[in-house]
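Undergrad: Each residue of the sequence shown is one higher than the one before, counting from 14 in my numbering.
Here a beta-carbon is modelled for each residue, glycine too, at the ideal position from N, C-alpha and C.
Here it is: the structure, laid out below.
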Amino acid sequence: MSTQVHPDRQDRIRGPLKFFTVAATVTGVFLIILVCRMILQYIVGVEMPEWATYIAMAHGFAYMVYLLSILVLGPRALWSVGTLFTTALSGVVPFFSFYMEIKRRKEIIAQFQL
C-alpha cells in the first residue's frame, strides 16, 4: 500500500502538468504541419506561399515553450536526466510528442495520485 501524497504537493504539480500538456500538444501540431509543408515543398515540388515560412518559426517558438514546460515540470516530478532528455527530444519527432505527453501525464497522475 502506498502512502498518501500531501495535497499541497498535488496542487504544486497540477499547474505545471497542465502547462506541459498544452505545450506538448501545440508543439506536436506545429511539428506535423511543418513536416507536411516540407513534404509538399521538397518531395512533391509544390511551391509554398511566403506565409508558410512562418510555420517553421511557430514550431521553433512552440518548442521553446515546450522545453520551458519540461524544465518547470521535471524537477517537481523528480525526473531523472534521461527522462528529461527523452521528453525534450520528443518535441522534434513527429507523433512522438503526443505519445510522450500521454505517457508522462499518466506517470505523474499515478505518482502524485491526481
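1. Just to check my reading of the structure: L30 and S110 have Cβ atoms closer than 8 Å, yes? What is that Cβ distance to the nearest angstrom?
2. Does the separation of the CB atoms of G104 and Y67 fall below 8 Å?
3. Since A69 contacts L102 with CB under 8 Å, what's their CB separation in whole angstroms?
4. I'd like the list of long-range same chain contacts for A75, defined as Cβ closer than 6 Å, with 5 residues on each side in sequence excluded.
5. Classify H60: buried if its beta carbon has 16 or more other beta carbons within 10 angstroms, exposed otherwise.
TA: Let me spell this out:
1. Residue numbering aside, residue 30 sits at position 17 when the sequence shown is read from its first letter. Residue numbering aside, residue 110 sits at position 97 when the sequence shown is read from its first letter. Contact between L30 and S110 does not hold, since the beta-carbon distance rounds to 16 Å and is not under 8 Å.
2. Working through the sequence shown from its first residue, we reach residue 104 at position 91. Working through the sequence shown from its first residue, we reach residue 67 at position 54. Remark: C-beta atoms of G104 and Y67 do not approach each other more closely than 8 Å.
3. Position 56 of the sequence shown, counted from the start, is the residue given in the question as residue 69. Position 89 of the sequence shown, counted from the start, is the residue given in the question as residue 102. Cβ-Cβ separation between A69 and L102: approximately 19 Å, too far for a contact (criterion under 8 Å).
4. Translated into positions along the sequence shown, residue 75 becomes position 62. Answer for A75: V39, T40 and F43, listed in chain order.
5. As a position in the sequence shown, residue 60 is number 47, starting the count at 1. The question names His, yet the displayed sequence has Glu at residue 60. Burial call: exposed.
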